[in-house]
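The structure is reproduced here in structure tokens:
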């Protein structure tokens, strides 16, 4: 079987995408990983699609200079707007986080069943999950809920608190009332609050974009026979701006070993 | 007595500064007000001082083109870094939000008394309130507490909720234990959560930057004899980016009459 030692490039608007990197590393521990977090320009959620596409192209250029064999766009906003633009720049596979989640839903859920979608306000307003479901001719029904407080609660270490529980109920009770059996975690931060959700809503089957994206990436590398077989692997993280709180966020989202964590300047930043 | 029909220019990184505008309008209802909120580049808190100075200069240029007689920098970060740069551009009075709060503290509080300061992480890390206290040779002791969750809670309408109460206790109990008698609200958003703070901590005398800045502005205009005496006044709001949630925030922070609310492009944006 053919193998390929090149790295997997992953990027996000900030550090939340490290939950995707974590899942990729769990499933593909032999792969070298290069991550870029655009911490100088985070968040992307409220910016125009033109700006998101420009930023995504700049980051893709950076990742392509690191000998990569695949790109994972670990950012819901960039996955909504920039996949085509990135695919125009390279022939290597490019994966977003939305398609894998929707694919998992259409495979697991009966037609006509109801799924809740929770995400940031930007992702919900983009309608990207609905569009992807329609493109895949899924017949499941999506009920959306913007959860703007979850990202700050998670980043401040409140994922498992009484305050988060109260706010989660405000957000998720309406989805429960709508008869949702599935719940798509449509934001890279949300895997960190999944334990609280599972405790409060055991009836929901969670669909975790990070997990599904890692699964899909593993399938794809196997199919194309470009997995890496060596045991030692490297994990490199780059950010466009570094502060102390970014160090802390890095540890929150990716507690594992990292071989390099430093600031990198994009060409057009 | 001399009068002056020119407007008062006010700016902030976003819409939180409208709490300052509200106080100015309450105290000086005859004055024409022009507000600029840099909603396309909000928040300023984690950006470098060079960037903050550049943005502040661009906004000052915009305000100066609107026939203004004074500038109020209703943003803690810009007040920390950009006052000198703005004063180099114009001879009209330029007021920040930090000095009026510190002046009020040194006037009200006995020497050696303890005051709590709550603000965003950026403002706390800048040390701007401590520096201003030292410059004014104040002998009061400041105990600082970053409250990163208060802005999102307020913006999402959670100021008066059980969840906010839990989080407020996490933030304010240590200040209470430190023996604070005064509490400086060091963020333009915080007047909206002041009722909850008063209920939970009746022992604190609150010092509201917005209120103190409006008071100081009124004193200054009176001293220079440039108050406006006509009855009809105009309130104009400009933002660098407009979304539906910005419309909602505008109403949250400034429920009063507004004669104009629109997007304005800065020269170098």
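Residue numbers (my numbering), protein chains in the order written: chain A, 1 to 269; chain B, 1001 to 1269. Cβ atoms here follow ideal geometry from the backbone N, Cα and C, with glycine treated the same way.
Let's see if you can read the secondary structure: which residues bound the alpha helix (DSSP H) around residue i?
i: residue 1106(B); result: 1098 to 1108
i: residue 1209(B); result: 1209 to 1223
i: residue 194(A); result: 194 to 200
i: residue 1142(B); result: Taken as a continuous stretch (DSSP letters only), residue 1142(B) belongs to no alpha helix (DSSP H), being part of the beta strand (DSSP E) at 1141 to 1146.
i: residue 1055(B); result: 1049 to 1064
Counting only beta-carbon atoms, is residue i nearer than 7 Å to chain B?
i: residue 28(A); result: no
i: residue 74(A); result: no
i: residue 196(A); result: no
i: residue 15(A); result: no
i: residue 152(A); result: yes
i: residue 128(A); result: no
i: residue 82(A); result: no
i: residue 253(A); result: no
i: residue 269(A); result: Confidence at residue 269(A) is low in this model, with a pLDDT of 43, below 50, so the placement of that residue should be treated as unreliable; the coordinate-derived value is given next. No, no contact with chain B.
Name the chain A residues that come within less than 7 Å of residue i, Cβ to Cβ?
i: residue 1100(B); result: Ordered by position in chain A, no residue passes the 7 Å Cβ test against residue 1100(B), which lies about 29 Å from the chain.
i: residue 1144(B); result: Chain A residues near residue 1144(B): none, gap ~15 Å exceeds 7 Å.
i: residue 949(B); result: With chain B covering 1001 to 1269 only, the question about residue 949(B) has no answer from this structure.
So, with DSSP's three-state summary, where would you put residue i?
i: residue 69(A); result: strand
i: residue 44(A); result: coil
i: residue 1254(B); result: coil
i: residue 20(A); result: helix
i: residue 1082(B); result: coil
i: residue 1114(B); result: strand
i: residue 265(A); result: coil
i: residue 1236(B); result: strand
i: residue 27(A); result: helix
i: residue 1177(B); result: helix
i: residue 184(A); result: strand
i: residue 1159(B); result: coil
i: residue 1121(B); result: helix
i: residue 1260(B); result: strand
i: residue 1077(B); result: helix
i: residue 1231(B); result: coil
i: residue 1015(B); result: coil
i: residue 1095(B); result: strand
i: residue 172(A); result: helix
Quick check on residue i - is its C-beta less than 7 Å from some C-beta in chain A?
i: residue 1191(B); result: no
i: residue 1210(B); result: no
i: residue 1163(B); result: yes
i: residue 1041(B); result: no
Give me the chain B residues within the contact set of residue i, using Cβ-Cβ distance strictly less than 9 Å, ordered along the chain.
i: residue 156(A); result: 1148, 1149 and 1167
Which residues in chain A have a C-beta closer than 9 Å to the C-beta of residue i? List them in chain order.
i: residue 1217(B); result: By Cβ distance, chain A contributes nothing, its closest Cβ being about 31 Å from residue 1217(B), past 9 Å.
Between which two residues does the beta strand (DSSP E) harbouring residue i extend?
i: residue 131(A); result: From DSSP, residue 131(A) is part of no beta strand (DSSP E) but of the alpha helix (DSSP H) over 128 to 135.
i: residue 1007(B); result: 1007 to 1012
i: residue 271(A); result: As displayed, chain A neither begins before 1 nor continues past 269, which places residue 271(A) out of reach and without an answer.
List, in chain order, every chain B residue whose beta-carbon is nearer than 7 Å to that of residue i.
i: residue 121(A); result: 1245
For the ligand NAP, is there a heavy atom less than 6 Å away from the beta-carbon of residue i?
i: residue 1211(B); result: Among the ligands in the structure shown, none appear at all, so the ligand NAP cannot be discussed.
Would residue i count as contacting chain D if we go by Cβ distances under 7 Å?
i: residue 62(A); result: Any reference to chain D falls outside this structure, whose protein chains are A and B.
Practice task
May I ask you to verify whether the stretch 1196 to 1216 of chain B touches the stretch 1179 to 1187 of chain B, counting CB pairs closer than 8 Å and requiring at least 3?
Solution key: yes
Exercise for the section: Determine contact between the stretch 31 to 43 of chain A and the stretch 234 to 254 of chain A, defined as no fewer than three beta-carbon pairs at a distance below 8 Å. Expected result: yes
Exercise for the section: Say whether the stretch 1039 to 1046 of chain B touches the stretch 1093 to 1111 of chain B, bearing in mind that this needs 3 or more beta-carbon pairs closer than 8 Å, one atom from each stretch. Expected result: no
Practice task
Mind the definition here: the stretch 1052 to 1062 of chain B touches the stretch 1018 to 1025 of chain B only if three or more C-beta pairs lie below 8 Å; say whether that holds.
Solution key: no
Handout entry: the stretch 146 to 166 of chain A / the stretch 219 to 232 of chain A touching (three or more Cβ pairs under 8 Å)
Key = no
Exercise for the section: Examine the Cβ distances between the stretch 1166 to 1180 of chain B and the stretch 1126 to 1137 of chain B and report whether three or more of them are shorter than 8 Å. Expected result: no
Practice task
State whether the stretch 1160 to 1172 of chain B contacts the stretch 1186 to 1201 of chain B, with contact taken as three or more CB pairs (one from each stretch) at a distance under 8 Å.
Solution key: yes
Exercise for the section: Count the CB pairs spanning the stretch 103 to 112 of chain A and the stretch 74 to 90 of chain A that are closer than 8 Å, and state whether there are at least three. Expected result: no
Practice task
Decide if the stretch 116 to 134 of chain A is in contact with the stretch 65 to 74 of chain A; the criterion is three or more beta carbon pairs, one per stretch, under 8 Å apart.
Solution key: no
Problem - Segment contact, 8 Å Cβ cut-off, at least three pairs: the stretch 123 to 130 of chain A with the stretch 1124 to 1131 of chain B - result: no
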